Each structure stands twice: as C-alpha cells, then as structure tokens.
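Here's the structure, in structure tokens; my notes come after.
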Amino acid sequence: MQIVIQSTGNIPEYSMIEFQGDLETKSDEALGGKVIGDLHFNHEGNPIMIIGHHILHGKVQDLDKPLVVITKESDGIPENDVKYGVTAVIKRKLIFKTRPKPIVGEMIKKL
Amino acid sequence: MDRSLQQVNTILNLAKLTESDIKKESHVLQFVPQILDSKQVKLLEVSKDTLEYLNSGECLFIKGNEDDHVIICSNSNTFELKEAETSNTMLLMPSLLQGKLLEDTGSRTLMQQEVFGVYHTYYEMRLTRPKLQSLRNVLAKYPYKGRNSEVIKEAVGLSFTELKTMIQASEEEIINRLQEMPAAKVKGKWRLLDVGFLFGWVSYLDSILRQKQLSLEEVTQPIVNNWMGLYDTEDVNAKCISLFMEVDGSSLRWKSEAVSQLFALYLLPELRAFDSKDFFTVWQQSMPVGVITNEEHLNGVALVDYDSTPSLVKYLPEFELPEEINERLGILFRNRTKWTLQSITPYVQPLTDNNLNVAALLTKYARSSTINGVKYYSSKY
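Now the structure itself:
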C-alpha cells in the first residue's frame, strides 16, 4: 500500500494562527462561513486578536521546520488509490502563547 | 454579513485599545463556507531539505504495512511518520504576512481574511533506517535456480514498481540493496538467486579453471563471460561476478569472504549443527582454487560454539533473523550467552542508523561485561 504525495514544485505560502484552547459555536453549529474575530497588528508588528470577549496578544514566529499543507485528491479516485497534492507551505505563524484574557468593562453587545 | 470598520473599532475600544495603538490595516477572520476538514487536509512538518525537495517538484511516498508501522520516503531517504497532537488550535489561511502588508501607510482599512479550517494535529517526519529485510523475504518467494530449472515460460518474480510499493524504503535504498544482494532481474522481474544455484555457478567456473589448470587471476572477465554464457543469462552472470569477484580492470580475483560465506550457507544444513572440526575441513576442501577460509568468514552466517564438546558450528544467517532489535538479540543470546563485539557486529550492523551505531545499540539493548580484558555482550534479562 503506497500513498503518493504529489508536488508540482514552487509551493505557495500560507499563514497560520495558533492559539490556546479551541473554537466552539453555540449548539455545535458548523463553523463554515462564520466570522471568527478581528486581527490587528501593533506598531511593533505583533498581532492582537479579538475573539468574542477574549483578547489575545501574540507574535510572529518563524517555524524551525516548515509545515506543508497536503490535500487529498478525492475526485473519482477509489479509496485504495488515494493521492495527496502539496497545496501550500507555512513558514511563519502568528502564535498566541498566553491564555486568552477576557475583555472586561461594558458588556459587549451582540457582535 | 460583512463586519464594518466601525464595529471592529468599537470592540477595539472595549478592549481598551485605540486606533493609534495599532497599524492601519485590520483583518476580519472568517471561515470559508466549505471548511477543509482534517480528513481532506493534513499538515506535514518537514525539514528545510525536504521542503526544497518538494519545491523542486519531487514527490513523497507513504508506505504502510501489516503492523501499522507507517513510513514516508523521498527518492533517497526513509522517515518514520508520526502523528502529533497539540492542545492548541491551528487556523490555516492564505498568507497575510507577505510583502508590504506590514507597511503602515494610507488610511485605516479592513481586510477580509479567509480561514480554510481548524486543525489540532500534524505529522512529523523522523529520518529512520529503511526496512529492507523484507526485500529478501518477498524475493525469496521467487527463488531462481538457474535457467534450466525454469518450469514455466512466463516471467515470475516482482517488478521494480511492485517492490517499491511493498518495501518500506526509498527508491534509491531499494536499488542499492538489490545491487548488493543475491538478486537478479530475470525476464524483467526480480528474483532471489538460490544458494544452491550460486554454489553451482561458482563450482562450475572453478571446475573449468581446474580443468584448464588456470587460476582466476590468469583469465579475464570476457573469458569468464564467454564460459559462463553457457551456464546462465548475461544479467545473472554479471550479478554472480559482482557478488563473488573483485574486478580490477579486466583482471579478476575471488572475494574470499563472499565465497566462503556462500559455501558455508550451502554446506551447513539448517537446524542442525556440525562438528566444527569436520566442518572446517570440508569447508576448506570445497573452496575454489586460491580461496582460503577463515573462521571470521562465518560471522553473520554461522557461529562456532566452543562450550559444547565437541565444539559445534551452528547455522545462523543474519538475513533470517527478525528486524526488531529485541527479538533479534533474544535469538542471538539464546544461541550464545556471551558475544564479543566483533562476532555480534554482523548481526547488529543492519539495524543501525545515523543515531545509533553497533556499540550504542548494544549499550542500549544488551548488558556488557569484561572478562580478562575482553568485552562481552549478553542479555539484559
């Protein structure tokens, strides 16, 4: 059994955001199409992310080892003949290492 | 529904930040309608070398086997493939850090940033030793005993493409091993050359030399090719020459160790032990002219048990032992309690990799002791 990961070369670059915890929707709605939150950069170039009533301060980090994004090519291919294609590479990520902090003060109105 | 700059700014202020604290460009992160889930999309952590390899348009190959041990190969290297889980959440999106994006000019703008999906796992690759032992095992199902022993006309054996999907090693590693091992392509398919056949081949050539009262050094490769052309095909003969002879220009010499080992493999009946005195006599007598046997040539093929009376030679070829280190050492220590580094090396060498050489492997998986200044290895348990 062999699965080929095909590359056509000159891989485009993607970005990644990494943070603690998880994203949940009310009553397990699908995530598709949903707004996640806002992303800003301060003048030092560090990212600030606001999700719901949480604020996260992070930084931009180069990955020691890049991450390659591979995508299953499923169209019309039988299950035991699965192939992957190299879609993108991630060389840097926005990492939010600290725990999300709640935004206190006035109650946030419906977002 | 798209969010307005005003909404974004309101929340920013609630978070006790003002627009002067941040760059002019802000982003609204939003999932694409059809999220790419972790069944369709996977993240693979690669070294910079592997990235360069993929960037040049080369492919990687994932190969599983029965016991769920998964490896991933480039054209020349073999890696373990391991799933790594993180408690963090990873969001994947088109690059937003490229180029002038971080420059701060113009008026305040809001960018829509698509997010493709959420991931919690990625795969790691760690360079590992190729699993080549199975190459011999799969080819052993198609032994080649000489062209006169071929029962059916159709090609039997395995094509290189078949071997590539079956063997957990890279293409280059498989090719290298095929070159070293007693295997040959017959009618386009790979076969294992049978020990009896190889013994017959060497003996046949030796008998011609004896008849003509010549030594191998006195003839040239074209002459040998010519004689052996009657015995088997060109490919098979070429393989036998590379296995058993040193070729220096057109002059030839027997590889003593390879020939001695072949004859030991042929003479030592499986599952039975030989009186060592008898064995050494018969062994030397059977050699082609000019080949001198040496007990060290038995390393990796058989072992001499001096503890029994009379001392015995036991058939124990390396290629029949399991590839898993603990299983392999278990069998070795059952056959002999104490081994010197030299005698155990041929059995352990094939299991070494870049990180662990023979001595390091033994330190990890065996016990060492020193008796009269000689270091011995024995079972840990």
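Respectively, the protein sequence lines represent chains A and B.
So in our numbering the end of the first sequence lands on 111, straight run, no missing numbers.
So in our numbering the end of the second sequence lands on 1381, straight run, no missing numbers.
The beta carbon of each residue, even a glycine, is placed where N, CA and C say it ideally should be.
Quick caveat: nothing in here was measured; it's all calculated off a predicted structure.
What residues of chain B sit near residue i, judged by a beta carbon separation below 8 angstroms?
i, result
"P66 of chain A", "E1045, V1046, K1048 and L1051"
"K34 of chain A", "Q1030 and F1031"
"Q61 of chain A", "Per Cβ cutoff of 8 angstroms: no residues; Q61 of chain A is ~11 angstroms from chain B at best."
Could you list which residues in chain A have their beta carbon closer than 9 angstroms to that of residue i, in chain order?
i, result
"K1063 of chain B", "M1, Q2 and I3"
"T1165 of chain B", "M1 and Q2"
"P1094 of chain B", "P12, E13, Y14, S15 and A88"
Taking residue i as the reference, give the member of the options with the closest Cα.
i, options, result
"V82 of chain A", "B:G1200, B:E1085 and B:G1064", "B:G1064"
"E1114 of chain B", "A:T8, A:L31, A:T71 and A:T25", "A:L31"
"G1117 of chain B", "B:Q1030, B:I1223 and B:W1190", "B:Q1030"
"T1121 of chain B", "B:T1089, B:N1148 and B:T1220", "B:T1089"
"I1011 of chain B", "A:M1, A:H54 and A:T25", "A:H54"
"S1076 of chain B", "B:T1050, B:P1094 and B:L1243", "B:T1050"
"I103 of chain A", "B:S1251, B:S1004 and B:L1014", "B:L1014"
"P1130 of chain B", "B:S1149, B:K1016, B:I1152 and B:N1176", "B:N1176"
"N1326 of chain B", "B:D1307, B:L1362 and B:R1003", "B:L1362"
"K1153 of chain B", "B:V1186, B:G1229, B:E1171 and B:P1317", "B:V1186"
"L1091 of chain B", "A:V86, A:L39 and A:H43", "A:L39"
"R1126 of chain B", "B:S1149, B:Q1213, B:M1245 and B:C1073", "B:C1073"
"L1044 of chain B", "A:R99, A:T87 and A:K97", "A:T87"
"A1366 of chain B", "B:N1354, B:K1380, B:A1360 and B:L1205", "B:K1380"
"E1025 of chain B", "A:N42, A:P100 and A:E73", "A:N42"
"W1283 of chain B", "B:Y1306, B:S1256 and B:Q1349", "B:S1256"
Return yes when the Cβ of residue j is within less than 8 angstroms of the Cβ of residue i, no when it is not.
i, j, result
"G1300 of chain B", "Y1347 of chain B", "yes"
"P1310 of chain B", "S1276 of chain B", "yes"
"E18 of chain A", "S1095 of chain B", "no"
"R1328 of chain B", "L1351 of chain B", "yes"
"K65 of chain A", "V1046 of chain B", "yes"
"L1060 of chain B", "I1071 of chain B", "no"
"P1288 of chain B", "V1374 of chain B", "no"
"G45 of chain A", "I95 of chain A", "no"
"L1139 of chain B", "L1158 of chain B", "yes"
"L1163 of chain B", "W1190 of chain B", "yes"
"A1264 of chain B", "L1303 of chain B", "no"
"V68 of chain A", "R92 of chain A", "no"
"D1353 of chain B", "T1128 of chain B", "yes"
"G85 of chain A", "T71 of chain A", "yes"
"A1155 of chain B", "G1188 of chain B", "yes"
"V1028 of chain B", "V35 of chain A", "yes"
How would you list, in chain order, the residues of chain A whose beta-carbon sits under 7 angstroms from the beta-carbon of residue i?
i, result
"H1069 of chain B", "None at all; the shortest Cβ gap to chain A is about 12 angstroms."
"L1091 of chain B", "M16 and I17"
"K1042 of chain B", "I70"
"D1021 of chain B", "N42"
"E1058 of chain B", "S7"
"A1015 of chain B", "I50, I55 and I103"
"N1055 of chain B", "G9, N10 and I11"
"V1115 of chain B", "I36"
"R1003 of chain B", "V35"
DSSP three-state call for residue i: helix, strand or coil?
i, result
"E1180 of chain B", "helix"
"N1313 of chain B", "Asn is not the amino acid found at residue 1313 of chain B; the sequence shown has Val there. Strand."
"S1369 of chain B", "strand"
"G1099 of chain B", "Its pLDDT being 44, under 50, G1099 of chain B is placed unreliably in this model, and the value from its coordinates should be taken loosely. In the structure shown, G1099 of chain B sits in a helix (DSSP, three-state: H, G or I)."
"R92 of chain A", "strand"
"Q1261 of chain B", "helix"
"R1136 of chain B", "helix"
"T1078 of chain B", "strand"
"L1241 of chain B", "According to the sequence provided, residue 1241 of chain B is Ile. The question's Leu does not apply to it. Helix."
"F1333 of chain B", "helix"
"H43 of chain A", "coil"
"P66 of chain A", "strand"
"V104 of chain A", "coil"
"I1062 of chain B", "strand"
"N1354 of chain B", "coil"
"T1363 of chain B", "helix"
"R1253 of chain B", "strand"
"Y1381 of chain B", "coil"
"K110 of chain A", "Because the pLDDT at K110 of chain A is just 48, under 50, the model does not fix this residue reliably, and the value given afterwards should be weighed accordingly. In the structure shown, K110 of chain A sits in coil (DSSP, three-state: anything other than H, G, I, E or B)."
If the cut is a Cβ gap below 8 angstroms, which residues of chain A does residue i touch?
i, result
"Q1034 of chain B", "G32"
"H1027 of chain B", "D38, L39 and H40"
"Y1376 of chain B", "The contacting residues do not exist; Y1376 of chain B stays about 42 angstroms from chain A at best."
Under 7 angstroms between beta-carbons, which chain B residues line up against residue i? List them in chain order, please.
i, result
"L23 of chain A", "T1089 and V1118"
For the segment 1140 to 1159 of chain B and the segment 1191 to 1201 of chain B, state whether three or more C-beta atom pairs, one from each stretch, are separated by less than 8 angstroms. yes
Pairs of beta-carbons, one from the segment 1214 to 1225 of chain B and one from the segment 1163 to 1181 of chain B, closer than 8 angstroms: are there three or more? no
Three or more C-beta pairs closer than 8 angstroms, one from the segment 1227 to 1235 of chain B and one from the segment 1261 to 1274 of chain B: is that the case here? No, the segment 1227 to 1235 of chain B does not touch the segment 1261 to 1274 of chain B.
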